[in-house]
Structure formats: structure tokens, C-alpha cells
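Enquirer: Numbering-wise, the sequence shown is residues 6 to 378 according to this note's numbering. Before I ask anything, here is the structure I am working with.
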Amino acid sequence: MKLAIISHTEHYKTTSGQIVGWGPTITEINHLIQDFEAIYHLAYLHAEDPPPSALPYSSEHIHFIPLSPKGGKSWSDKLGILMGIPETLGKVRRLVGDVDAIQFRAPTGMGVYLIPYLSGLKSPKVWFKYAGNWNQNQPPLGYALQRYWLKKQNRPVTINGAWPEQPAHCFTFENPCLTQAERKEGAAIIAQKSYAAPFRFCFVGRLEDEKGVQRILDAFADLPASAVVQIDFIGNGVKREQYEEQAQAQQLPARFHGFLQREAVFECYRKAHFLLLPSTASEGFPKVIAEAMNYGCIPIVSGVSSIGQYIDEVNGFLVQPTTAERLNQVLQEIINQETSNTLRAKAEKAYLSSENFTFEHYRKRIQKEILRY
6 MKLAIISHTE
16 HYKTTSGQIV
26 GWGPTITEIN
36 HLIQDFEAIY
46 HLAYLHAEDP
56 PPSALPYSSE
66 HIHFIPLSPK
76 GGKSWSDKLG
86 ILMGIPETLG
96 KVRRLVGDVD
106 AIQFRAPTGM
116 GVYLIPYLSG
126 LKSPKVWFKY
136 AGNWNQNQPP
146 LGYALQRYWL
156 KKQNRPVTIN
166 GAWPEQPAHC
176 FTFENPCLTQ
186 AERKEGAAII
196 AQKSYAAPFR
206 FCFVGRLEDE
216 KGVQRILDAF
226 ADLPASAVVQ
236 IDFIGNGVKR
246 EQYEEQAQAQ
256 QLPARFHGFL
266 QREAVFECYR
276 KAHFLLLPST
286 ASEGFPKVIA
296 EAMNYGCIPI
306 VSGVSSIGQY
316 IDEVNGFLVQ
326 PTTAERLNQV
336 LQEIINQETS
346 NTLRAKAEKA
356 YLSSENFTFE
366 HYRKRIQKEI
376 LRY
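In C-alpha cells, the structure reads:
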């Protein structure tokens, strides 16, 4: 069986001419190729230098088909999506006759016209992966249209979380991010990790207010220095320099790493006690939560989207309401009230909560539930 994947995943060309792409998606595809004769990935090719987190494909049977990048926040960027329709539709039409199945990854700008087009195909098989917040009350117009069309058509859709009145063709799916070897390693790390102060915290994601970086800096401002050994910020964003200056002014033990390769991120998980993600962004279920829980990082997160369906007081800490003041209260409670035994119990429960986020589990469900739908 041949599979086509259509997405807005960022790809780049290295100085040696090798194609690399956004690490989490490339890793997922590198595992999916085990179940397909070939995979064709139609996605955006950017002219910039690749970030350290970008990865190459692992198989010669994975073929990258480049698209000119389109979309953005400005009106001119959005107009560019319309200008890109001939190129995108032309390449999609050529793929349709060459593959047995198509996965379209939404929400993305081109989904406004590709979801109706793909939904109307008699063949090949088509399924949609909606990575955003399926239950968002006031999504952007483009996202709202895509979600509306996905609900009305009858092709399978994989979504984050389980929701009231969920259509039968919409399947609750965990985002894959772990191997069986990493699961085994995680159990060994937790067994050796000490859950006593001083604590080490980590944040992984875009460095922006929506993701919670400002809330984190504000919440740590008056914590005793003896309780915090380090706060690792992994990721990048336009406000990074401002955040660094603020952390330095507050004399916080913060380290801003920028983008890191997957193994380097996992090394931070191995050392940390907590993952911080007090986000108000339009999340689905961030893979970083499952990855961190696998290595014994207790999640301190918001309940946005489906996150609250996986994290509670048994396996972590929910920051509700999602404010710097509430986050500070949670941190004070951890430092002053929680014992090492109760924290270890949370970490062990969190580890168990990440068991369905393996690539193997994902692959089996794709074959059994989606491709046979």
C-alpha cells in the first residue's frame, strides 16, 4: 500500500543538499513507513537554514514533494494561500492516481479548499488528522470552516480528546511520540530519580506569552532560590531576548537553549522533575507532555483542549485558572507541602498515563481502525 501525506510541515535543504523537516512529524513518518510500500509527503520547503530540531527521513521509500510556503498572519499572507491553489491542487491531483491512501493534516490554510476536494474523492482512501483544539469555542475562521467540513463529511478524522456528541467517524487518537525502548528507559530513570528539593523544571515549545513563558517568569519571581536549581527553556520565539533579560534581572536560574535535537530534549527530561506548560494557546494535546511524563517529569499544565482529560491531581498539577498567580500558588504548594513520596507517586502515575503514546500503538490503530474504516 502506498500512502500520501499532505501537510504544512516545514522542510529545509541542508548545505549538503539533504532534505530535513520538523522533527516530530518526520519521526512519525519514519515509523509509519514500516507499514507502507512507499510514502509521499507533500509539504512546504523553506529557503532558510534548518533548525537543530529538523530531522532527515530514514528510508529511501519516503519521497518528499515540495510546495512553495504559503500562509501566515497578515492579510497578504492569507491571500498567498489563494495564489498557491494551482500549484497545490496540481500536485495533489497527480498523487491521487498513484497512491492507495491519503492523510491530510489539518488545520492549515490550504485545508480550506483541500478538505472539500479530498472528501469528494471516490478513491483512494482518505483520512484527516486534526491536530488543533477540536473543542475550541472561538477558533479562527479558517479553522472553524475546516472543523465544520470535517464534521459534515464521512471520511475518518483523528482528533485530540473525547468530546460530547462526537461524530462516529471522528476517532480519539493519541499523538505518537515514544518508542518501546524509550518506555523501558523511562521506567528506569524514574526509579532512580529523587523527588526532593531543589527542583529542576523544563519548558518545551514556542517562546511566547500564549504558551505561558511570561506566566512562568512571573510565577517564579518570589520563590526561594534554595528550592529551584534550574529552569530549562527549550524552543525559540520573537520574544526570547526579552524573556532572557527578564530572567536575568530577576536572578532566576533559567537557561534558554533554543531549538534542540530530540535526544538533547530527552536529556533535559531525564534530569528534570517537572514540565511547565501553562498554555492558553490552541493546543490539541502537545506531545511534549507525554514525552516528559515518560521520563518522570510531573506535568504542571493548563487544562486547555484535551489536556485536562489526561492530567489531573493524581498524575500532575492543573493550573486553573491559567494565571501567573495560580501557577505561583501551585509552585508554593509543591515546595512547602508536597513530600518526595507523594511527588514520586504522581510521577509514576504520569508515566502510566503516557503508555498509549507509542508509535507502535499508533501504527496498530491506523491499520485496524482507520484504513479498514
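All residues carry an ideal CB built from backbone N, CA and C; glycine is no exception.
For the beta strand (DSSP E) holding W154, just list the boundary residues, first then last.
Expert: Per DSSP, W154 belongs to no beta strand (DSSP E); it is in the alpha helix (DSSP H), 146-157.
Enquirer: My output table needs one value for S12: the three-state DSSP class, helix, strand or coil.
Expert: Reduced to three states, the DSSP call for S12 is strand.
Enquirer: So, with DSSP's three-state summary, where would you put P61?
Expert: Three-state DSSP puts P61 in a strand.
Enquirer: When burial is assigned at 16 or more other CB atoms within 10 Å of the CB, is G95 buried or exposed?
Expert: Per the 10 Å Cβ criterion, exposed.
Enquirer: A5 bridges to which residues according to DSSP?
Expert: Because the chain is modelled from 6 through 378, residue 5 falls outside the range shown and cannot be assessed.
Enquirer: With a 10 Å radius around its C-beta and 16 neighbouring C-beta atoms as the bar for buried, classify L137 as buried or exposed.
Expert: The residue asked about is misnamed: residue 137 is Gly in this sequence, not Leu. Buried, since its Cβ has 16 or more Cβ neighbours within 10 Å.
Enquirer: Please say whether H278 and Y356 have beta carbons closer to each other than 8 Å?
Expert: In this structure, H278 does not lie closer than 8 Å to Y356 by Cβ.
Enquirer: Across which residues does DSSP place Q39 in a beta bridge pair?
Expert: Bridge partners of Q39: none, in fact.
Enquirer: Counting C-beta neighbours from all protein chains within 10 Å, is the total for K216 16 or more, i.e. buried, or is it exposed?
Expert: Buried.
Enquirer: Identify every residue that forms a DSSP beta bridge with A106.
Expert: DSSP output for A106 lists L8, K130 as bridge partner(s).
Enquirer: With L123 as the anchor, note down where its alpha helix (DSSP H) starts and where it stops.
Expert: Looking at the DSSP string, the run of the alpha helix (DSSP H) that includes L123 is 116-124.
Enquirer: Work out the CA separation of R377 and K127 for me, nearest whole Å.
Expert: Their Cα atoms are separated by approximately 15 Å.
Enquirer: Can you tell which of K18, F362, A173 has its C-alpha closest to the C-alpha of P181?
Expert: Measuring from the Cα of P181, the nearest candidate turns out to be F362.
Enquirer: Express the C-alpha separation of Q334 and L186 in angstroms, rounding to a whole number.
Expert: The amino acid occupying residue 186 in the given sequence is Ala; Leu does not appear at that position. In a straight line, the C-alpha of A186 is about 36 Å away from that of Q334.
Enquirer: Kindly indicate which three-state DSSP category F206 falls into: helix, strand or coil?
Expert: F206 falls in the strand class under three-state DSSP.
Enquirer: Could you give the first and the last residue of the continuous alpha helix (DSSP H) run that contains G191?
Expert: Run containing G191: 185-197, per the alpha helix (DSSP H) assignment.
Enquirer: Is the segment 341-348 in contact with the segment 151-162, if contact means three or more CB pairs nearer than 8 Å?
Expert: Judged by Cβ distances under 8 Å, the segment 341-348 makes no contact with the segment 151-162, as fewer than three pairs qualify.
Enquirer: By a C-beta neighbour count over all protein chains shown, 10 Å radius and 16 as the cutoff for buried, is N341 buried or exposed?
Expert: So N341 ends up on the exposed side.
Enquirer: What three-state label does DSSP hand L47 in the structure shown?
Expert: The answer is strand: DSSP assigns L47 an E or B state.
Enquirer: How is the beta strand (DSSP E) around G26 delimited, first residue to last?
Expert: First-last of the beta strand (DSSP E) with G26: 24-26.
Enquirer: Can you check which of these residues, Q219, A230, G210, G191, is closest to A202 by C-alpha distance?
Expert: Closest by alpha carbon: A230.
Enquirer: Alpha carbons only, please: which of V131, P169, C175 is nearest the one belonging to R152?
Expert: Out of V131, P169, C175, C175 has the C-alpha closest to the C-alpha of R152.
Enquirer: Which residues does DSSP list as the beta-bridge partners of H66?
Expert: Paired residues: none, contrary to the question.
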